[in-house]
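These notes concern the structure reproduced below.
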Amino acid sequence: MNRGTRAGRIGAYVLMVLAALTALFPIYWTVLTSFRTHIEIFAQPPKLFGGPFTLDNYSSVLADGQFRASLSVTVFVTVLATAIALIAGAFAAYAIARRQSFIGRRPFEAWLILVRAMPGIVLAVPLYQVIVNLGLYDQPVVLAVAYAAINLPFAVWLMVGFISGIPFELEESARVDGANQFLILWRIILPLVAPGMAATTIFVALLCWNEFLMPLVLADQAGKTLPVYVAGFVTSRTIDYGAMAAAASLAIIPIALLTLVVQRQLVRGLSLGAVKD
Amino acid sequence: MTLQQERPAPAATPRSGKRRRQRAFSAAYLTPSWLLLLGIVLIPLALGLWISLRNGSLLSATSEFVGLKNYTKLLTSSLFWDSVKVTLIISVLSLAIQLPLGFLLAVVINRELTGTRVFRSSLLMPLLLTPVAVGLMWRLMLNVDNGVIDGVLQQLGLPAVDWLGNRTWAVISVVLVDSWQNTPFVMLLMLAGLQSLPAGPLEAARVDGASTLQTYRHVILPLLAPVGLVVVMIRVIESVKLFDIIYILTSGGPGTATQNVSLLDYRLGFTFLQTSQAAALGVIIVIALLPMYRLWKRANEQ
Amino acid sequence: MDRSTPPTRRRRLRRTSVVVATLAASSLMLAACASSSSPSGGSSGSSGGTAKEITVFLIPSPTEDAIKARIPEFEKQTGINVKVVDAPYDDAHQKMLLSFQAKKGAYDVVQFDNPFLAPFASQNALTDLGPYTAKSTPYDISDFVQPLQDYNKYNGKAVALNLSTEPFILWYRKDIYQKLNLTVPTTWDQYLTNAQKIQASGLGSGQIIANNSSVNSWWWLQLLWSYGGDLQDASGKVTVNTPQAQEATDYMKSLLAYSPKSAITATGDDATTLFTTQNVGQMINYSGYYPVVTDPKSSKVIATFGTAVIPVGKQNITELTGWNIGIPADSNAKDTAWQFLEWLLGKDNTPKLMDAGAAAIGRTSIVTNTAITSKEPYIALLGPAAQSGRRLPALTNWAQVSNQIGVAIQDILTGKTSTTDGLNALQDQLTTTLGQ
Chain Z
1 MNRGTRAGRI GAYVLMVLAA LTALFPIYWT VLTSFRTHIE IFAQPPKLFG GPFTLDNYSS
61 VLADGQFRAS LSVTVFVTVL ATAIALIAGA FAAYAIARRQ SFIGRRPFEA WLILVRAMPG
121 IVLAVPLYQV IVNLGLYDQP VVLAVAYAAI NLPFAVWLMV GFISGIPFEL EESARVDGAN
181 QFLILWRIIL PLVAPGMAAT TIFVALLCWN EFLMPLVLAD QAGKTLPVYV AGFVTSRTID
241 YGAMAAAASL AIIPIALLTL VVQRQLVRGL SLGAVKD
Chain W
278 MTLQQERPAP AATPRSGKRR RQRAFSAAYL TPSWLLLLGI VLIPLALGLW ISLRNGSLLS
338 ATSEFVGLKN YTKLLTSSLF WDSVKVTLII SVLSLAIQLP LGFLLAVVIN RELTGTRVFR
398 SSLLMPLLLT PVAVGLMWRL MLNVDNGVID GVLQQLGLPA VDWLGNRTWA VISVVLVDSW
458 QNTPFVMLLM LAGLQSLPAG PLEAARVDGA STLQTYRHVI LPLLAPVGLV VVMIRVIESV
518 KLFDIIYILT SGGPGTATQN VSLLDYRLGF TFLQTSQAAA LGVIIVIALL PMYRLWKRAN
578 EQ
Chain B
580 MDRSTPPTRR RRLRRTSVVV ATLAASSLML AACASSSSPS GGSSGSSGGT AKEITVFLIP
640 SPTEDAIKAR IPEFEKQTGI NVKVVDAPYD DAHQKMLLSF QAKKGAYDVV QFDNPFLAPF
700 ASQNALTDLG PYTAKSTPYD ISDFVQPLQD YNKYNGKAVA LNLSTEPFIL WYRKDIYQKL
760 NLTVPTTWDQ YLTNAQKIQA SGLGSGQIIA NNSSVNSWWW LQLLWSYGGD LQDASGKVTV
820 NTPQAQEATD YMKSLLAYSP KSAITATGDD ATTLFTTQNV GQMINYSGYY PVVTDPKSSK
880 VIATFGTAVI PVGKQNITEL TGWNIGIPAD SNAKDTAWQF LEWLLGKDNT PKLMDAGAAA
940 IGRTSIVTNT AITSKEPYIA LLGPAAQSGR RLPALTNWAQ VSNQIGVAIQ DILTGKTSTT
1000 DGLNALQDQL TTTLGQ
């Protein structure tokens, strides 16, 4: 890659450092807050480092059965929803990326925008009524399906891009060799698009992990995901910032792990489209 | 990511039967997605549309048909137009920050200088924090009395800023927090685009002696257009829909200074309990955002 | 360029798929374990009540924690299973409304805030508790003074019980008062003067109330009442731009200069946070913040705070707030639900609930109980406060009215509009809203 001038490199580093600091500071502050008492959190003037620390916030959150329940429900719903969205989305994205026009393509693409453009509340209230009348209220599986549906557009949009990057000749030659469509998708397209799938997985999983309105309206306790749990620290008499920060810090860990694991696929393979003529 | 240059048109076959079969087959590929949408989105949306034509609310179990009254009431209310203004300001400012900054960061990271991986990982962190926590922590940090940001400013001898209590600063705060959380997304996708640029045109430009700036203007940016268009489309939609951060940071305040259409919709539906008005506003928002479809079309037909 | 997938990439792909598959499998197992260990009858859609199990919908608060702490004893005594669900305040009531309209009997007991009693009751969504309380000796409804009994009524029917009695009271810093030789204010003018002196002394901010548009209507209404005004007059006409309203609003605005800088966006609990962690000389806030003010983990003023009744204006009215608790009309286990409520809030058990951390309930037997009031003097204040108590207007669309007031007042407070213009605009707005 072009290393550029010395000045350019210094400039680049300065920018990266500033950006990293900006990105990390609120995270740092969240973690710091999680180790502080309520009084310390509101100390004036605020202290950037140090100060008396306490593990009380963590012990209360970790001892809370609801935290563990919310954590496992969130993991379950996220994994299931991401899987559904990716699978359904991959098929749709393949069709859109490869075929110029077919029945239902335009309506589908319009619907994808519609789904994302709709404010959550407009969907949530009628959906609640449908779900309650079907007796499906407060069920994690139903939540997962709902998540998958509202994040499907994201999955499709991203994957269309990645699939388009794979040259058509590949499939043609495979088809000439006698492979059927499904085999082509599975053995050839998918491996090549895996890094793109990695990026899509991260984003869709993130959206599911942080979804707030759906579990709030469509579930009570069985489907109480981490975002709703964290919101519960805003009680009607106080906001327990310390415990909330502890819960939020803990909630980052699984999704950060997933991101780290999948990230290595990310950049290596994002260069897939690079083709020399 | 996609470099549409590489994509040839699907093989044109002389036999229309095969084409028809291909098209039917392609339609079938969408079946799982359609099923998903049917169950979760289409039916509730149809219900929402139906209720927008009535006077339903959470205060009454029954409702009557009122035609387009909710729509006219909204379109003639200053509350609606104020929220449109707020939405536009917040969206434009956010995009003006996120797109160039995200691109710039992507360019810098793309150079793969030593230590890039660490920076890339840290830049992803804002995306991971749950929005409720993001809102609450920023609210804590931006507090004019004991927040850390004003604390640092005052240490540096600068005056404290009333981030959340001043009408103008509140809007800026929303834009800043939204940009903090979402610039990484832009950066990541632009990075993907940059990393999949074909070497050919870049080589040609180098051979021709083009400067870095010229290369960017005439080669890279045009090639990135498909990625860029999708990113713009996504960010515009998400920006208009922005809710969690504003709700927790300012609740739409002070007054209605940061009340965008999404927040107004929530107010109508959940605070005022007017589910029909909220549904009507939702429909209006969707109709307003449908033109984004053209961005998508352009991105895919390059 | 070679197109086949290089071996290293294939290996990485396989590793990733393994990791993802493991994550998926383990989370499915986790979820299976979690759901199998939770009490049965939980997640099958409408988990309504039976004679042996009820579902209680609570709102995060010290009172919720106290109720949850008391439940095991009830379950042991009666063998009835009590399941608790909760949702944040801002959405809880809407969830309840959705549930009432669905009529599936999902909840048997609901904790709610008083402003929502009218929207609930106007749809006949709450059970009339009069018959239950009339013949209940353990509950003893006569232990509540009339304003407290009226607190639960809609169109004359008692559709809820008092879950807490939280009037506005005056909180102040005894040490600051002492240093500046201040006395507890009995009029609003004195309150303001005290605030000015405290602010000028540098010992801290003069006072704090909640000005955030989501809640300032509560404080504004209190001031409006104190200054002799009201939201509507006897005929129902909106009266928010009267001279009394102007006075009250100007007074509210004048307090800002003697408040912490963040007062303009402070909610009720922001105000308490400022009072307990910074130096603020006075606060007007609900008595229900007592657990927060006396929590060593969150309060620096435990040893220095004092309480008193709020200053009096032209009218001696104290705004009465506090939780209600009731039985939804669509519940399938009303008798069991009553059994729980009678036990939880009975005359003898209420002190135990309060010991567990719940906000005080203003039973006469409690506010005159010297054993309790000597430990917590503020409880004695609840007596006179309740006697002069008045609840928020019982409007079905109070939430909308409150929001409109809140925005209008905040516009006045931030200087976006003048008091006169702001109140006139509000007058028009509310006339439309309440005319419906």
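Protein chains in written order, with the numbering used here: chain Z, 1 to 277; chain W, 278 to 579; chain B, 580 to 1015.
Yeah, the Cβ is synthetic: ideal placement off N, Cα and C, and Gly gets one too.
In terms of residue numbering, what span does the beta strand (DSSP E) encompassing residue i cover?
| i | result |
| --- | --- |
| M41/Z | For clarity, residue 41/Z is Ile in the given sequence; the question names Met instead. Premise fails: I41/Z lies in the alpha helix (DSSP H), H38 to I41, not in any beta strand (DSSP E). |
| L637/B | E632 to L637 |
| I863/B | Q861 to Y865 |
| A887/B | F884 to V888 |
Just to confirm the assignment, what range does the alpha helix (DSSP H) spanning residue i have?
| i | result |
| --- | --- |
| W440/W | Counting along the chain, W440/W falls outside any alpha helix (DSSP H), and DSSP gives it neither H nor E. |
| N903/B | Counting along the chain, N903/B falls outside any alpha helix (DSSP H), though it belongs to the beta strand (DSSP E) covering W902 to G905. |
| I748/B | Per DSSP, I748/B belongs to no alpha helix (DSSP H); it is in the beta strand (DSSP E), E745 to R752. |
Just checking: is the beta-carbon of residue i within a distance shorter than 8 Å of some beta-carbon in chain W?
| i | result |
| --- | --- |
| S623/B | With a pLDDT of 36 at S623/B, under the threshold of 50, the modelled position of that residue is not reliable, and no figure is offered here. |
| D644/B | no |
| P641/B | no |
| A648/B | no |
| P698/B | yes |
| I843/B | yes |
| N791/B | yes |
Any Cβ of chain B within less than 8 Å of the Cβ of residue i?
| i | result |
| --- | --- |
| A338/W | yes |
| F53/Z | no |
| R571/W | no |
| D422/W | yes |
| G434/W | no |
| Y128/Z | yes |
Beta-carbon separation of residue i and residue j under 8 Å?
| i | j | result |
| --- | --- | --- |
| V160/Z | N577/W | yes |
| W209/Z | I253/Z | no |
| F248/W | L541/W | Because chain W spans 278 through 579 in this model, residue 248/W falls outside it and cannot be assessed. |
| L500/W | N387/W | no |
| A146/Z | V385/W | no |
| T744/B | L961/B | yes |
| L749/B | I958/B | no |
| N911/B | F691/B | no |
| A845/B | N895/B | no |
Return no unless some Cβ of chain Z is closer than 8 Å to the Cβ of residue i.
| i | result |
| --- | --- |
| P694/B | no |
| S488/W | no |
| M467/W | no |
| P403/W | yes |
| S606/B | Note that S606/B scores 39 on pLDDT, short of 50, meaning its location in the model is unreliable and no value can be drawn from it. |
| W457/W | yes |
| Y868/B | yes |
| D542/W | yes |
So does residue i have its beta carbon nearer than 7 Å to some heavy atom of the ligand GDP?
| i | result |
| --- | --- |
| W799/B | The ligand GDP is not part of the structure shown, which contains no ligands of any sort. |
*When you check each C-beta in the stretch 982-1011 of chain B against every C-beta of chain W, which residues fall closer than 7 Å?*
Correct list: N982, V986, Q989, D990, T993 and K995.
*Indicate whether the contact test is met: 3 or more Cβ pairs, each with one atom in the stretch 529-547 of chain W and one in the stretch 358-370 of chain W, closer than 8 Å.*
Flag = yes, the stretch 529-547 of chain W and the stretch 358-370 of chain W touch.
_By the 9 Å beta-carbon criterion, what residues does the stretch 666-682 of chain B contribute toward chain Z?_
The stretch 666-682 of chain B vs chain Z, Cβ under 9 Å: A666, P667, Y668, D669, D670, Q673, K674, L677, S678, Q680 and A681.
*Would you say the stretch 965-983 of chain B touches the stretch 790-798 of chain B, given that touching needs at least three Cβ pairs under 8 Å?*
yes
*Should the stretch 681-689 of chain B be called in touch with the stretch 233-246 of chain Z, which here means at least 3 C-beta pairs below 8 Å?*
The answer is no - the stretch 233-246 of chain Z does not touch the stretch 681-689 of chain B, with fewer than three Cβ pairs under 8 Å.
_Proximal residues, the stretch 436-454 of chain W versus chain B, C-beta separation under 9 Å_ = Listed by position along the chain: A437, D439, L441, G442, N443, R444 and A447.
*Check whether the stretch 390-405 of chain W touches the stretch 546-565 of chain W, taking contact to mean three or more Cβ pairs, one atom from each stretch, closer than 8 Å.*
no
*Which residues, in order along the stretch 914-933 of chain B, keep a beta-carbon less than 7 Å from a beta-carbon of chain W?*
For the stretch 914-933 of chain B, which is checked against every Cβ of chain W, not one residue is closer than 7 Å.
_Residues of the stretch 66-83 of chain Z with Cβ closer than 7 Å to any Cβ of chain W, in chain order_ = none
*Would the stretch 509-524 of chain W and the stretch 454-462 of chain W be scored as touching if the rule is three or more Cβ pairs under 8 Å?*
yes
*Return the residues of the stretch 99-116 of chain Z that lie within a Cβ-Cβ distance of less than 7 Å from chain W, sorted by chain order.*
For chain W, the residues of the stretch 99-116 of chain Z that bring a beta carbon within less than 7 Å of one of its beta carbons are R99, Q100, F102, I103, G104, F108, E109, A110, W111, I113, L114, V115 and R116, in chain order.
*Taking any Cβ of chain W, which residues in the stretch 697-728 of chain B have a Cβ under 8 Å from it, in chain order?*
Taking 8 Å as the Cβ-Cβ cut-off against chain W, the residues of the stretch 697-728 of chain B that qualify are P698, S701 and Q702.
*With 9 Å as the C-beta to C-beta threshold (strictly closer), list the residues of the stretch 375-404 of chain W near chain Z in chain order.*
L378, L381, L382, V384, V385, I386, N387, R388, E389, L390, G392, T393, R394, V395, F396, R397, S398, S399, L400, L401, M402, P403 and L404
*When you check each C-beta in the stretch 899-911 of chain B against every C-beta of chain Z, which residues fall closer than 9 Å?*
Cβ proximity to chain Z below 9 Å picks out W902 from the stretch 899-911 of chain B.
_Taking beta-carbon pairs under 8 Å, can you tell me which members of the stretch 848-862 of chain B lie near chain W?_
L853, T856 and Q857
*Pull out every residue of the stretch 206-220 of chain Z whose Cβ sits closer than 8 Å to any Cβ of chain B, in chain order.*
So the close ones are L216, V217 and D220.
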